[in-house]
């Protein structure tokens with residue numbers, strides 16, 4: 018089992034109706050987490066997969082109309098465990114601790130800011146990245162989103178391919194290495210409301226503090242907070 022199998026289970030799978038990805042809908046806000054290749058051992062991924070499958074099996078007894086909030090809560094709990102493990106991971110690699118590599122990732126995160134998305138927040142941790150962005154930047158007028166491909170609107174998976182592909186290439190050049198840089202797949206969460214947006218925004222900025230890297234989020238050199246996200250100005 019690889020990272021993609023685990024994260025596919027955790028992440029929203031695109032569901033296509035008339036070719037529009039409804040669970041990765043265009044023009045919406047997303048919380049995405051992606052990590053370095055090899056930063057979680059296979060045995061740990063297997064253990065998480067078994068746990069996840071056992072918990073999911075229990076949902077069969079829940080009426081379908083009541084299942085969604087239960088699954089959402091389960092996904093959040095498993096993601097928190099996953100993220101806590103990355104924060105305390107004793108295993109390398111830690112390429113993102115290298116300021117030159119972190120600068121490469123920063124540059125690529127901002128490359129499409131204002132075109133493919135509006136960047137709301139991110140933090141570049143030693144072995145993973147959290148980011149929050151609004152893809153409605155691509156929608157300049159009232160349009161028929163069933164025509165998203167013809168309009169050139171880029172869905173989430175294409176945006177992530179661009180960010181990860183370019184940053185991997187340039188980071189490997191900085192490090193004088195070749196091969197995989199990012200792990201395949203990512204955790205992506207479609208942000209459905211303002212309360213969730215604010216909670217995730219705060220979570221991202223607090224991550225370096227929670228991991229013990231700094232005392233105040235403003236002191237972490239590779240965090241970013243937009244001036245306004247969902248109507249609030251900054252993290253506490």
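Residue numbers (the working numbering): 18 to 253. A virtual CB, placed ideally from N, CA and C, is assigned to each residue, including glycine. The structure displayed is predicted, hence computed values, not measured ones.
Three or more beta-carbon pairs separated by less than 8 Å link the stretch 141 to 149 to the stretch 42 to 54, which places the two stretches in contact. Cβ contact annotation for residue 115 (same chain, cutoff 8 Å, sequence separation greater than five): 191, 192, in chain order.
Shown here, residue 231 sits in coil according to DSSP, grouped into three states, outside any helix or strand.
Counted as a single uninterrupted DSSP element, the stretch harbouring residue 130 is not any alpha helix (DSSP H), since DSSP gives it neither H nor E. In the three-state reduction of the DSSP assignment, residue 111 falls in the coil class, being assigned neither a helical nor a strand state. Residue 209 and residue 188 have their C-alpha atoms spaced approximately 33 Å apart. For residue 121, the closest of 101, 235, 211, 198 by C-alpha to C-alpha distance is 198. Ranked by Cα distance from residue 226, the options 239, 215, 156 are led by 239. In this structure, 222 is the residue among 206, 181, 222 with its C-alpha nearest to the C-alpha of residue 235. A distance below 9 Å separates the beta carbons of residue 96 and residue 204. By the 16-neighbour rule on beta-carbons within 10 angstroms, residue 125 is buried.
When DSSP states are grouped into helix, strand and coil, residue 84 belongs to the helix group. Collapsing the DSSP output to three states places residue 197 in coil.
Rounded to the nearest whole angstrom, the C-alpha separation of residue 89 and residue 171 is 26 Å. Under the three-state reduction of DSSP output, residue 156 falls in the coil class, being neither helix nor strand. A distance of 9 Å or more separates the beta carbons of residue 133 and residue 79. Following the DSSP letters along the chain, one finds residue 67 inside the alpha helix (DSSP H) bounded by residues 59 to 75. An exposed status is given to residue 195, since fewer than 16 other beta-carbon atoms sit within 10 Å of its beta-carbon. Pairing residue 107 with residue 156, the inter-Cα distance amounts to about 43 Å.
Under the DSSP definition of a beta bridge, residue 50 partners with 147, 204. Our two residues, residue 241 and residue 141, have alpha carbons roughly 9 Å apart in a direct line.
According to the DSSP assignment, residue 184 belongs to no beta strand (DSSP E) but to the alpha helix (DSSP H) extending over 173 to 192. Residue 221 carries a helical assignment under DSSP once its states are collapsed to helix, strand and coil.
Per DSSP, residue 78 is not a residue of any beta strand (DSSP E), being assigned neither H nor E. Burial state of residue 83 is exposed, judged by a 10 Å Cβ sphere holding fewer than 16 other Cβ atoms.
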